[in-house]
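For the protein sequence lines, the chains are A and B, in the order given.
Quick note, the first sequence lines up with residues 1 to 409 if you use the working numbering.
Quick note, the second sequence lines up with residues 1001 to 1149 if you use the working numbering.
Glycine included, each C-beta is placed from N, C-alpha and C at the ideal position.
Each remark here refers to the structure printed beneath this line.
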Amino acid sequence: MGDLSHLRDDFPILSTEMNGHPLVYLDSAATTQKPVQVLDAMDGYYRTTNANVHRGAYALAVEATDAYEGARAKVARFVNAATPAEIVFTRGTTTAINAIAYGWGLDHLGPGDRVLLTMLEHHANVVPWQIVARHTGAELVYLPLTDGYLVDTSALDGLLDERVKVVGFSGMSNVLGTIGPVAELAAAARSVGAISVVDAAQMVPHMPVDVQALGVDFVAFGAHKMLGPTGIGALWGPMDRLERLEPAEGGGEMILDVGLQESTWADIPHRFEAGTPPIAEAVGFGAAVDYLEAVGMAAVRAHEEQITAYALERLATVPDLTVYGPSDVSARGGAVSFTLADIHPHDLATILDQQGIAVRAGHHCTRPLHRLLDVPATARASFYVYSVPGEVDLLVAALEEARRIFGVA
Amino acid sequence: MSLDELYREVILDHYRNPRHRGRLEHATAHAEGQNPLCGDEVRIDLVVDGGRVVEIGVTGQGCSISQASASMMAEAVAGKSVAEIEGLSSRFRAMMDLEEGDAGIDESRPGESLGDLEALQGVRRFPVRIKCAALPWTTLKEALEGDAG
Ligand SMILES: Cc1ncc(COP(=O)(O)O)c(C=O)c1O
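Shown next as structure tokens:
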């Protein structure tokens, strides 16, 4: 069941070249490639169904609205939301987290209140809270990591009290791969009456997720890291939570009535979707979850564990290479960050690029984590359903070449 | 374009053994530069006296291209007048294709006009890395412009 290599034929870009070599795409944590099924769905929408949604009193507009709402229903089913209305379409994970930070935080946070995050958060789950903290006088506190790169929940003892109003954490790290202790942090949040917010940008694409079973208040994720297009994502919350969330953005489509001084809101989820939404992107998102359901998320996860185990095993054979992240594949996803001797990650990325291998180099939007690791930057290889062991072998060979070029003895 | 041409030995030597490294307590001018895309950082401290850079100190961190470029630049500009440095800077920028003009490189006599800096020629073929090589120069320019004396 671990072999998904037949899927590669669905991804046109995987048979292209980069710098004269067959493309080895190892940057799926940044964004994944798209299968023809998604491309065709979006193209077909524009060719046959395009109109604005929720407005026109003509057949085409009704079809467009059905396509958009149909996509919502698919995404809801994919993560097991209780109803499609619990899925709010956003521009992506970042926008979803901002919608919670502004929509909930501005009303519920005050001076002395705390937002508890972890040291491995993406900037998308740090900066919105900093902005809201500046408006409200709240402060941010952080759970440290263990030596094994896990979130250190033993530190909850010192950090969790009734001042904590929000507990925000990543479901899966985009740098270390670490899977977040979701159940434990959700319970911790509940125990002090705080809300819990999961940055699931990496989690939803890489493992089976049942949002109702997580026991959390809000979940944010995006389409483009799970075979879908950029420009669309989702915010999930149970209906009674969404009812207590204020819209962070105002405009058309989100109102019931507009007076000169005040307005009333449309129903959920539309009150959170101001303006014309990304309709073709929603259709593409729906096609992406159809594709992943056909593969099966258990198979996606099993494949990822296998290729990650293989990558960790092969990378361990490269002298002077340090991997940052859990070594136990059951505790992690497929983002593998590393440094090699004194070769700066950007030099590594250039050397790999010349051999057709795409990896990311930098701080991967996790400056606080990189300061904690005490490295200014890392290189990161990351995998998805179409990744194959042969690509890991090419990576390892290219890293050996980098050692030679840099004269690392 | 081979990678060995980009990562010439002299570049790796400057990367690993940077010249004029350190902060200058008695600097008359300084500036800090960052390349937000890849996080390269360079800080230049200068002692400028009578229109001449009598001392230069470089600190920072980043890729081999940015740090080697800073070290080579420090070596090239130490002791030079501000006018001479402007000339060097424009020849360097021309070499990187950042500026119109004669790169001033005599291929038959490498090292003649820009010294070790000419080893950075290969960077021109790697457009995303040109910013790394140029960072120390833009930082130096800022420091010189900010120098009161
Ligand atoms: C863990 C994590 N959170 C948040 C984001 C932000 O996602 P986006 O830029 O698509 O909004 C990303 C991806 O960059 C991520 O990996």
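Item	Value
Contact the region 248–264 of chain A vs the region 224–234 of chain A: 3+ CB pairs below 8 Å	no
Counted within 10 angstroms of its Cβ, other Cβ atoms place P128 of chain A as buried (16 or more) or exposed	buried
Segment contact flag, the region 273–288 of chain A with the region 18–38 of chain A, C-beta cutoff 8 Å, min 3 pairs	yes
Simplified DSSP assignment, three categories, for T169 of chain A	According to the sequence displayed, residue 169 of chain A carries Phe and not Thr. In this structure, F169 of chain A counts as strand in the three-state DSSP scheme.
Cβ-heavy atom distance, A398 of chain A to ligand 3, below 7 Å	Ligand 3 is not part of this structure, which contains only ligand 1.
Interface flag, I405 of chain A vs chain B, CB-CB below 8 Å	yes
Short Cβ contact (8 Å threshold) for V392 of chain A with A311 of chain A	yes
Cβ-based neighbour list, H135 of chain A, same chain, cut-off 7 Å, excluding 5 preceding and 5 following	L106
Straight-line Cα distance separating Y142 of chain A from A133 of chain A	14 Å
Beta-carbon spacing of I357 of chain A, A398 of chain A below 8 Å	yes
heavy atom of ligand 1 below 7 Å from Q202 of chain A C-beta	yes
Sufficient close CB pairs (3 or more, under 8 Å) joining the region 1036–1051 of chain B to the region 1091–1098 of chain B	no
Interface residues of chain B facing T350 of chain A [CB-CB closer than 7 Å]	F1126, R1129
Burial state of Q261 of chain A (16 or more Cβ within 10 Å)	exposed
Alpha-carbon to alpha-carbon, A248 of chain A and E69 of chain A	21 Å
C1132 of chain B: CB within 7 Å of a non-hydrogen atom of ligand 1	no
Residues from the region 335–347 of chain A in contact with chain C, defined by Cβ distance under 9 Å	Among the protein chains in the structure shown, which are A and B, there is no chain C.
Cut-off 6 Å between Cβ atoms - residues of its own chain near A76 of chain A, not counting five sequence neighbours on either side	P84, I87
Any C-beta of chain A under 8 Å from that of D1116 of chain B	no
Spatial neighbours of L4 of chain A in its chain, beta-carbon cut-off 6 Å, leaving aside the 5 residues before and after	H303, V385
Same chain, Cβ closer than 6 Å to I195 of chain A, neighbours up to 5 away in sequence not counted	V166, D217
Any C-beta of chain B under 8 Å from that of A377 of chain A	yes
Any 3 or more C-beta pairs closer than 8 Å across the region 363–372 of chain A and the region 290–300 of chain A	no
8 Å Cβ cutoff, A361 of chain A in contact with chain B	yes
Buried or exposed (CB count within 10 angstroms, at least 16 for buried), R1109 of chain B	In this predicted model, R1109 of chain B has a pLDDT of only 42, less than 50, meaning its place in the structure is not dependable enough to derive any value.
Any non-hydrogen atom of ligand 1 closer than 7 Å to A124 of chain A Cβ	yes
Per-residue contacts from L1003 of chain B into chain A (C-beta, under 7 Å)	I351, Q354, I405
Proximal chain A residues relative to G1062 of chain B, where beta-carbon distance stays under 9 Å	H344, H346, P376, A377
Chain-ordered neighbours of L1135 of chain B on chain A, where CB pairs are closer than 8 Å	Near L1135 of chain B there are no residues of chain A at all, since even the closest Cβ is about 12 Å away, more than 8 Å.
Same chain, Cβ closer than 6 Å to A71 of chain A, neighbours up to 5 away in sequence not counted	A282, V283, F285, G286
First and last residue of the uninterrupted beta strand (DSSP E) at L117 of chain A	114–118
Cβ neighbours of K1141 of chain B in the same chain (closer than 7 Å, five flanking residues each side left out)	S1089
Chain-ordered residues of the region 1031–1058 of chain B with a beta carbon less than 7 Å from chain A	C1038, G1039
Integer-rounded CB distance, given that L159 of chain A should sit under 8 Å from L116 of chain A	6 Å
Between the CA atoms of S330 of chain A and E305 of chain A - distance to the nearest angstrom	7 Å
Proximity test, A99 of chain A beta-carbon vs ligand 1 heavy atom, cut-off 7 Å	no
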